[in-house]
Amino acid sequence: MMIKKSLILISVLFLLLAGCSASSYKKITAKQGREMLQSDSSVILLDVRTIGENKEIRIPGSLLIPLDTLKAQAASLLTDKDAKIIIYCRSGNRSKDAADILIGLGYRNIFDMGGIIDWPYETESE
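In numbering that gives the first Met the number 0, the protein residues as written are 0 to 125.
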């Protein structure tokens, strides 16, 4: 009886741990993000700042979905839940929140690059 309970407990713990590892994102540096973008054209670069911030300065090729609309717009604008998505904001706070939102919505390849303030490479503006 004790062995049976132990096996059940171990099985439950294994399932819980397996579920936790699948629902997380990876924190990356600007350099790592740039390397990913240069080596894989299918990577999506997601800007979660406001429209005004995006007009002032942005990383070329990025897709703007402001954080306050991300939950509502993700399904229609980010249709592939297996796509590699690199997220950035201004300083790193909103990118973390966005990563949590996307993971919660079932996206599986999320990378938090932090803020554009740490991006030393090419930018553009309107």
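For every residue, glycine included, the Cβ atom is placed at its ideal position computed from N, Cα and C. In this text, all values refer to a predicted model and were calculated from it rather than measured experimentally.
By the neighbour-count definition (other C-beta atoms within 10 Å, threshold 16), Y24 is a buried residue. Using a Cβ distance threshold of 8 Å, I43 and L62 count as a contacting pair.
Y120 is classed as exposed because its beta carbon has fewer than 16 other beta carbons within 10 Å across all chains shown.
With fewer than 16 other CB atoms across the displayed protein chains lying within 10 angstroms of its CB, S90 is exposed. S124 sits away from D111, with the two beta carbons spaced by 8 Å or more.
In the three-state scheme derived from DSSP, where H, G and I count as helix and E and B as strand, E121 is classed as coil. In this structure, K83 keeps its C-beta atom at 8 Å or more from the C-beta atom of S40.
The three-state secondary structure of I86, taken from DSSP, is strand. In the three-state scheme derived from DSSP, where H, G and I count as helix and E and B as strand, L66 is classed as helix. In the DSSP assignment, D46 falls within the beta strand (DSSP E) that extends over 43 to 46.
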